[in-house]
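Numbering (our numbering), first residue to last: 20 to 218. For each residue, glycine too, the CB sits at the ideal point set by N, CA and C. It should be emphasised that the depicted structure is a prediction, and the values quoted were computed from it without experimental measurement. Some notes on the structure that comes next.
See below:
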């Protein structure tokens with residue numbers, strides 16, 4: 020078990036195969052750090068700041084992030100299921116937090132009511148994720164599985180859903196102006212209009 024100390028600053032440090040599971044870290048700053056094959060499962064990160072950090076092949080399942088801030092973060096092939104992202108701090112003066120998720124698992128997570136412009140999620144598993152009342156304008160959400168995810172009063176203006184599938188988006192209750200969908204998958208958008216398609 021590696022320990023992360025509370026009320027500390029970590030700058031330009033690379034962590035590899037560290038086990039931070041079930042740890043409780045408070046008021047700590049991580050700047051330009053890299054985490055490789057680390058385990059954060061069930062950790063509680065309170066009032067922390069992550070800036071310009073990268074997570075590769077990490078397990079962050081069911082972490083708690085009360086009042087924690089994220090900016091310019093890259094998650095690559097990480098497990099991030101069961102996270103309530105609404106508990107983090109997302110200042111209104113900055114709507115582009117430069118969050119990048121590539122080939123990650125984010126099942127059973129919540130982004131309810133968050134304004135996260137230009138979010139990047141590519142080839143991710145987004146099953147049973149709550150996007151209700153969130154603003155994801157100009158985001159890239161390509162090649163993702165949205166099965167069971169919730170969209171209601173969600174702003175999806177200019178969002179790129181190319182090659183994604185499984186979404187159930189009522190175009191009357193969500194803003195989809197200039198959003199981009201793959202042709203075959205886009206047929207599911209007509210279900211909310213009660214339209215029957217016949218070959």
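Can you list, in chain order, the residues of its chain with a C-beta nearer than 8 angstroms to that of residue 127? Leave out the 5 residues immediately preceding and following it.
By one-based count along the chain shown, residue 127 stands at place 108. The answer, listed in chain order, is 100, 101, 146, 147 and 148.
Member of 194, 75, 124 and 39 whose CA lies at the smallest distance from the CA of residue 155
Here residue 155 corresponds to residue number 136 of the chain shown, with the count starting at 1. Selected option, being the one with the closest Cα: 194.
Take the Cβ of residue 35 as the centre, count every other Cβ of all protein chains shown within 10 Å, and call the residue buried at 16 or more, exposed below.
What you label residue 35 is simply residue 16 of the chain shown in a count that begins at 1. Per the 10 Å Cβ criterion, exposed.
Closest Cα partner of residue 192 within the set 59, 160, 172 and 23:
Here residue 192 refers to the residue found at position 173 when the chain shown is read from its first residue. Cα-wise, what sits closest to residue 192 is 172.
Taking just the CA atoms, how far does residue 44 sit from residue 85?
Locating residue 85 in the chain shown gives position 66, where the first residue counts as 1. Locating residue 44 in the chain shown gives position 25, where the first residue counts as 1. Distance between the alpha carbons of residue 85 and residue 44 is about 11 angstroms.
Alpha carbon of residue 166 to alpha carbon of residue 188, nearest angstrom:
Within the chain shown, residue 166 is the residue found at index 147, counting from 1. Within the chain shown, residue 188 is the residue found at index 169, counting from 1. One C-alpha to the other measures close to 11 angstroms.
Identify whether residue 194 lies in helix, strand or coil by the three-state DSSP scheme.
To locate residue 194, count along the chain shown from 1; it is residue 175. If DSSP states are grouped into helix, strand and coil, residue 194 belongs with the strands.
Residue 76 versus residue 213 - alpha carbon distance:
The count along the chain shown starts at 1 and reaches residue 76 at position 57. The count along the chain shown starts at 1 and reaches residue 213 at position 194. Cα to Cα, residue 76 sits roughly 43 angstroms from residue 213.
Contact under 7 angstroms by Cβ, residue 72 with residue 57:
Counting from 1 along the chain shown, the entry for residue 72 is found at position 53. Counting from 1 along the chain shown, the entry for residue 57 is found at position 38. Taking C-beta atoms as the reference points, residue 72 and residue 57 fail to come closer than 7 angstroms.
Is DSSP giving residue 142 helix, strand or coil here?
One-based indexing of the chain shown puts residue 142 at position 123. It is coil, neither helix nor strand.
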